[in-house]
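Participant:
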Amino acid sequence: MTNYKHMKFQHHVAGYSIKDIIDYRALSWPESEEFLFLTQIPVKFEPFLITPTYYCFGMITKGKLEIEIDEEPYQLCANSLMVYRPGQVFKVTDLEEQTRGVFILFTKKFLDNLNENIFSVQRSSFLSAGIKSVFELSGKDKAKTLNTFHKIFTLLQYLSKTNWELIARNLTSALIYETDSILKKYIDPSTVLLNKNEDLFQRFKSLVTIHAIEKRALSFYAAKLLVSTHHLYTTVKLASQKTPTEIINTSLINTAKNKVLYTHQTLAEIAEQLNFSDAFSFSKFFKKHTGYAPTLYKKASISWPD
Numbered sequence: 001m002t003n004y005k006h007m008k009f010q011h012h013v014a015g016y017s018i019k020d021i022i023d024y025r026a027l028s029w030p031e032s033e034e035f036l037f038l039t040q041i042p043v044k045f046e047p048f049l050i051t052p053t054y055y056c057f058g059m060i061t062k063g064k065l066e067i068e069i070d071e072e073p074y075q076l077c078a079n080s081l082m083v084y085r086p087g088q089v090f091k092v093t094d095l096e097e098q099t100r101g102v103f104i105l106f107t108k109k110f111l112d113n114l115n116e117n118i119f120s121v122q123r124s125s126f127l128s129a130g131i132k133s134v135f136e137l138s139g140k141d142k143a144k145t146l147n148t149f150h151k152i153f154t155l156l157q158y159l160s161k162t163n164w165e166l167i168a169r170n171l172t173s174a175l176i177y178e179t180d181s182i183l184k185k186y187i188d189p190s191t192v193l194l195n196k197n198e199d200l201f202q203r204f205k206s207l208v209t210i211h212a213i214e215k216r217a218l219s220f221y222a223a224k225l226l227v228s229t230h231h232l233y234t235t236v237k238l239a240s241q242k243t244p245t246e247i248i249n250t251s252l253i254n255t256a257k258n259k260v261l262y263t264h265q266t267l268a269e270i271a272e273q274l275n276f277s278d279a280f281s282f283s284k285f286f287k288k289h290t291g292y293a294p295t296l297y298k299k300a301s302i303s304w305p306d
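Residues 1 to 306 in full-length UniProt numbering are what the sequence shown lists, from first letter to last.
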């Protein structure tokens with residue numbers, strides 16, 4: 001069992017997708033890059049922080065799982081239901097071998113193909129920003145939730161290839177609605193981010209996790225969000241005490257740190273992937289935001305004592 005809780009360097013990958021999960025953990029899952037369900041938790045997991053482009057919720061049924069969501073540590077127990085959302089910062093900190101559970105990962109795009117889904121029908125749900133990330137369920141609600149998961153997962157495992165994605169999308173939607181119904185009594189309605197400015201900020205952060213590598217101009221995000229650049233700037237600054245450019249650069253530098261530390265790519269290759277003109281301009285950007293040249297940053301990380 002590998003424990004990363006005491007790592008001195010906290011590296012962060014923004015815009016982490018379901019495909020990234022599949023690739024990093026070497027999962028055999030050819031069905032979809034917008035949807036994934038798990039019953040056995042892979043022992044191999046990301047030793048760095050991620051900001052996902054997808055939603056995830058589920059429970060463990062055996063073993064031990066410790067996580068961090070938005071820098072808040074959680075040790076999941078048998079009655080814990082975990083949720084994390086696009087724009088949040090997530091990390092597995094400890095995982096016991098043979099840990100089992102029921103977890104489902106999906107993008108909003110996966111459900112958007114349904115004319116009616118939780119995002120289009122309801123103003124808020126347990127998937128909304130601002131809702132807590134771990135729910136401690138009563139014994140009755142735990143049993144009901146797990147029973148729903150098991151029934152849905154059984155159906156998913158035995159679907160024919162014909163219309164697989166269409167059926168999986170509807171089953172996922174059913175699971176979300178039923179889970180939302182169970183969790184309503186655990187949610188304080190005042191914590192849902194219905195404020196327009198806060199909602200705009202959350203949607204901006206979600207876009208940054210997806211587009212920061214190729215799009216760094218504020219005008220791009222303002223156009224996507226259908227607001228003026230001035231309104232977006234002032235809203236983001238008010239909500240976070242940071243400028244939009246600072247948030248975009250933080251996302252980019254976190255991705256750059258991960259590539260420097262965890263890949264064997266050359267600086268020129270990393271620079272090209274992150275949309276820099278050359279290795280020199282990338283190194284200059286990296287040093288400005290970390291205080292280290294990329295090669296020195298990697299050496300410092302490797303030699304840092306446990």
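We put the CB at the ideal spot given by N, CA and C, even for glycine.
To the nearest angstrom, report how far apart T53 and K299 are at their CA atoms.
Facilitator: In the sequence shown, the residue the question calls residue 53 occupies position 53. In the sequence shown, the residue the question calls residue 299 occupies position 299. Computed Cα separation, rounded: 30 angstroms.
Participant: Roughly how many whole angstroms lie between the Cα atoms of E198 and I104?
Facilitator: Position 198 of the sequence shown, counted from the first residue, corresponds to residue 198. Position 104 of the sequence shown, counted from the first residue, corresponds to residue 104. Rounded to the nearest angstrom, the two C-alpha atoms are 27 angstroms apart.
Participant: With 16 other CB atoms within 10 Å as the buried threshold, where does N258 fall?
Facilitator: Stepping through the sequence shown from its first residue, residue 258 is reached at position 258. Buried, because 16 or more other Cβ atoms sit within 10 Å of the Cβ of N258.
Participant: Return the first residue and the last residue of the beta strand (DSSP E) that G130 is part of.
Facilitator: In the sequence shown, counting from the first residue as 1, residue 130 sits at position 130. That residue, G130, is in no beta strand (DSSP E); it is neither H nor E in DSSP.
Participant: When we look at the beta-carbon of H6 and count the other beta-carbons within 10 Å, is it buried (16 or more) or exposed?
Facilitator: Residue mapping note: residue 6 aligns to position 6 of the sequence shown, counting from 1. Confidence at H6 is low in this model, with a pLDDT of 36, below 50, so its placement is unreliable and the value that follows should be read with caution. Exposed, since its Cβ has fewer than 16 Cβ neighbours within 10 Å.
Participant: Using the Cα positions of V89 and T250, report the straight-line distance between them to the nearest angstrom.
Facilitator: Taking the first residue of the sequence shown as 1, we reach residue 89 at position 89. Taking the first residue of the sequence shown as 1, we reach residue 250 at position 250. Between V89 and T250, the C-alpha separation is close to 13 angstroms.
Participant: Rounded to whole angstroms, what is the Cα-Cα separation between G63 and V43?
Facilitator: The residue labelled residue 63 in the question sits at position 63 within the sequence shown. The residue labelled residue 43 in the question sits at position 43 within the sequence shown. Answer to the nearest angstrom: the Cα atoms are 12 angstroms apart.
Participant: Should K242 be labelled buried (16 or more other beta-carbon atoms within 10 Å of its own) or exposed?
Facilitator: Within the sequence shown, the letter at position 242 stands for residue 242. Result: exposed.
Participant: How would you write the range of the alpha helix (DSSP H) that Y221 sits in, first residue to last?
Facilitator: Here residue 221 is taken as the residue at index 221 of the sequence shown, counted from 1. Element bounds for Y221: L218 to L225.
Participant: Run through DSSP, which three-state label would F48 get?
Facilitator: For the purposes of this step, residue 48 is taken as the residue at position 48 of the sequence shown. Coil, per DSSP.
Participant: Can the beta-carbon of I50 be found less than 8 angstroms from the beta-carbon of K19?
Facilitator: In the sequence shown, counting from the first residue as 1, residue 50 sits at position 50. In the sequence shown, counting from the first residue as 1, residue 19 sits at position 19. Not closer than 8 angstroms, so no.
Participant: May I ask you to report which of helix, strand or coil DSSP gives H12?
Facilitator: Counted from its first residue, the sequence shown places residue 12 at position 12. It is a strand residue.
Participant: Give me the DSSP bridge partner(s) of Q40.
Facilitator: Against the sequence shown, residue 40 aligns to sequence position 40. Q40 pairs with R100.
Participant: Express the C-alpha separation of F285 and S301 in angstroms, rounding to a whole number.
Facilitator: Reading the sequence shown from its first residue, position 301 is the one you call residue 301. Reading the sequence shown from its first residue, position 285 is the one you call residue 285. If you take the alpha carbons of S301 and F285, they lie about 19 angstroms apart.
Participant: Excluding the 5 residues flanking Y4 on each side, which residues of the same chain have their C-beta closer than 7 angstroms to its C-beta?
Facilitator: For the purposes of this step, residue 4 is taken as the residue at position 4 of the sequence shown. Here Y4 scores only 35 on pLDDT, less than 50, and its place in the model should not be relied on; the value that follows carries that caveat. P47 and T93, listed in sequence order.
Participant: For the beta strand (DSSP E) containing P73, list its first residue and its last residue.
Facilitator: Locating residue 73 in the sequence shown gives position 73, counting from the first residue. Per DSSP, P73 belongs to the beta strand (DSSP E) from E72 to L76.
Participant: For I213, does the three-state DSSP call read helix, strand or coil?
Facilitator: In the sequence shown, residue 213 corresponds to position 213, counting from 1. In this structure, I213 counts as coil in the three-state DSSP scheme.
Participant: How far does the alpha helix (DSSP H) with G139 in it reach, from first residue to last?
Facilitator: As a first step, residue 139 must be located in the sequence shown, where it is residue number 139. G139 -> alpha helix (DSSP H) spans G139 to Q157.
Participant: Going straight from the alpha carbon of Y292 to that of F282, what length do you get?
Facilitator: Position 292 of the sequence shown, counted from the start, is the residue given in the question as residue 292. Position 282 of the sequence shown, counted from the start, is the residue given in the question as residue 282. Y292 and F282 have their C-alpha atoms roughly 12 angstroms apart.
Participant: Go ahead and pull the three-state DSSP assignment for V92.
Facilitator: If you number the sequence shown from 1, residue 92 lands on position 92. If DSSP states are grouped into helix, strand and coil, V92 belongs with the strands.
Participant: Is the beta carbon of L252 closer than 8 angstroms to that of S173?
Facilitator: The sequence position of residue 173 within the sequence shown is 173, counting from 1. The sequence position of residue 252 within the sequence shown is 252, counting from 1. Taking 8 angstroms as the cut-off, the Cβ atoms of S173 and L252 do not count as close.
Participant: What is the residue span of the beta strand (DSSP E) that I187 lies within?
Facilitator: Along the sequence shown, read from residue 1 onward, the residue named residue 187 stands at position 187. Per DSSP, I187 belongs to no beta strand (DSSP E) and is neither H nor E.
Participant: Kindly identify the DSSP beta-bridge partner or partners of Y24.
Facilitator: Your numbering for residue 24 matches position 24 in the sequence shown. Bridge pairing for Y24: absent [DSSP].
Participant: Per DSSP, residue 312 forms a beta bridge with which residues?
Facilitator: Here the chain has residues from 1 to 306 only, and residue 312 is not among them.
Participant: Out of curiosity, what's the CA-to-CA distance linking F35 and L156?
Facilitator: Translated into the one-based positions of the sequence shown, residue 35 becomes position 35. Translated into the one-based positions of the sequence shown, residue 156 becomes position 156. Approximately 11 angstroms between the Cα atoms of the pair.
Participant: Find out if the Cβ-Cβ distance for the pair E178, T148 is shorter than 8 angstroms.
Facilitator: Mapped onto the sequence shown, residue 178 falls at position 178. Mapped onto the sequence shown, residue 148 falls at position 148. Cβ atoms of E178 and T148: closer than 8 angstroms.
Participant: Is it buried or exposed, S80, if we count other Cβ atoms within 10 angstroms and call 16 or more buried?
Facilitator: Within the sequence shown, numbered from 1, the residue matching residue 80 stands at position 80. Answer is buried; the Cβ neighbour count reaches 16.
Participant: Expressed to the nearest angstrom, what Euclidean distance is found between the alpha-carbon atoms of V134 and S181?
Facilitator: Sequence index remark: in the sequence shown, residue 134 carries index 134 (1-based). Sequence index remark: in the sequence shown, residue 181 carries index 181 (1-based). Rounded to the nearest angstrom, the two C-alpha atoms are 16 angstroms apart.
Participant: Can you have a look at S277 and say buried or exposed, based on whether 16 or more other CB atoms are within 10 angstroms of its CB?
Facilitator: The residue labelled residue 277 in the question sits at position 277 within the sequence shown. The residue in question, S277, is exposed, as its Cβ has fewer than 16 Cβ neighbours within 10 Å.
Participant: Closer than 7 angstroms by C-beta to L267: which residues in its own chain qualify, once you throw out the five before and the five after it? Chain order, please.
Facilitator: Position 267 of the sequence shown, counted from the first residue, corresponds to residue 267. Excluding positions up to five away in sequence, the list reads A279, F282, S283 and P294.
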